[in-house]
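Q:
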Amino acid sequence: MRRPSCGRGDDRARSLDEPITRCFLARSAFRVALRLQLLQRGEDEVLRKFRHLRDRRSRAPFWAAGGLVHDSRGAIVLVRVGRESAGGSWFTPGGLLERGEKTDDGLRREVREEVGLELVEPALTRIIHETVTDGSRARHGYFAQFIARAPSKELRPGHEVVEARWFDVLPRDMAFRDDYLEDFKKIQAGASF
Numbered sequence: 031m032r033r034p035s036c037g038r039g040d041d042r043a044r045s046l047d048e049p050i051t052r053c054f055l056a057r058s059a060f061r062v063a064l065r066l067q068l069l070q071r072g073e074d075e076v077l078r079k080f081r082h083l084r085d086r087r088s089r090a091p092f093w094a095a096g097g098l099v100h101d102s103r104g105a106i107v108l109v110r111v112g113r114e115s116a117g118g119s120w121f122t123p124g125g126l127l128e129r130g131e132k133t134d135d136g137l138r139r140e141v142r143e144e145v146g147l148e149l150v151e152p153a154l155t156r157i158i159h160e161t162v163t164d165g166s167r168a169r170h171g172y173f174a175q176f177i178a179r180a181p182s183k184e185l186r187p188g189h190e191v192v193e194a195r196w197f198d199v200l201p202r203d204m205a206f207r208d209d210y211l212e213d214f215k216k217i218q219a220g221a222s223f
């Protein structure tokens with residue numbers, strides 16, 4: 031493949047018929063063709079080199095679902111998860127969605143796994159953009175926040191849950207408490223969703 035040569039032309043070229051523009055287009059086409067040729071020749075090497083980028087799911091934003099699960103009186107269920115949080119904050123039931131799972135289905139699954147409750151009429155109240163970091167890497171995602179009613183009050187905590195309880199008020203040591211205040215007031219007022 032031969033690189034197109036261009037003579038010195040007029041810098042004021044304004045149309046495709048003028049020498050500078052034709053030369054620029056020819057050189058651009060040459061660069062594209064050269065890159066394609068290099069990629070085709072070294073396709074295996076390129077694929078090997080960048081395979082980790084294709085396989086890493088961490089590049090895609092994560093999706094999670096959770097929310098206030100209440101009974102007919104307006105009490106809500108909260109959980110403490112993991113060994114390290116036994117004396118820590120209370121959380122609403124929820125977690126990461128599985129691949130291809132809809133947000134309301136993910137909420138139902140997480141609540142079933144964490145506290146053994148079935149849900150009636152989950153209502154999406156907001157979607158929150160989150161950035162999670164471990165100090166060296168950041169990952170972006172979305173949290174679908176719901177309100178849902180549970181017809182039963184019998185809690186059957188799952189293996190990840192250290193403690194599960196019903197609350198008549200939002201405790202001060204609840205994680206993300208401010209995000210749920212408005213939804214909790216709606217539950218207490220008996221609003222329909």
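Each residue of the sequence shown is one higher than the one before, counting from 31 in our numbering.
Glycine is no exception: its CB is placed at the ideal position from the N, C-alpha and C atoms.
Here the structure is a predicted model, which means the values were calculated and not measured.
1. Using 10 angstroms around the beta-carbon of Leu-211, count the other beta-carbons present and answer buried if the total reaches 16, otherwise exposed.
2. Thinking just about the alpha-carbon of each residue, which of Pro-123, Phe-214 and Glu-193 is nearest to the one in Val-141?
3. Measure the C-alpha to C-alpha separation of Leu-147 and Arg-139 and round it to an integer number of angstroms.
4. Which residue or residues does DSSP assign as beta-bridge partners of Phe-173?
5. Quick one: what's got a C-beta closer than 6 Å to Thr-161's C-beta in the same chain, skipping five residues either side?
6. With 16 as the cutoff for other CB atoms within 10 Å, does Phe-214 come out buried or exposed?
7. For Glu-184, is the classification buried or exposed, using 16 other Cβ atoms within 10 angstroms of its Cβ as the cut-off for buried?
8. From Glu-151 to Arg-129, what distance separates their C-alpha atoms?
9. Put Leu-200 into one of helix, strand or coil per three-state DSSP.
10. What is the residue span of the alpha helix (DSSP H) that Gly-220 lies within?
11. Between which two residues does the beta strand (DSSP E) holding Arg-110 run?
12. List the whole-angstrom C-beta distance separating Ile-217 from Leu-98, where the pair is believed to meet the contact cut-off of C-beta under 8 Å.
13. Between Leu-126, Pro-187 and Phe-173, which has its C-alpha nearest Thr-155's C-alpha?
14. Give me the residue from Lys-132, Asp-198, Gly-112 and Gly-118 with the minimum Cα distance to Ala-219.
A: Let me spell this out:
1. exposed
2. Pro-123
3. 9 Å
4. Ala-94 and Ile-158
5. Ala-168 and His-170
6. buried
7. exposed
8. 23 Å
9. coil
10. Neither: Gly-220 is in no alpha helix (DSSP H) and is coded neither H nor E.
11. 106–111
12. 6 Å
13. Phe-173
14. Asp-198
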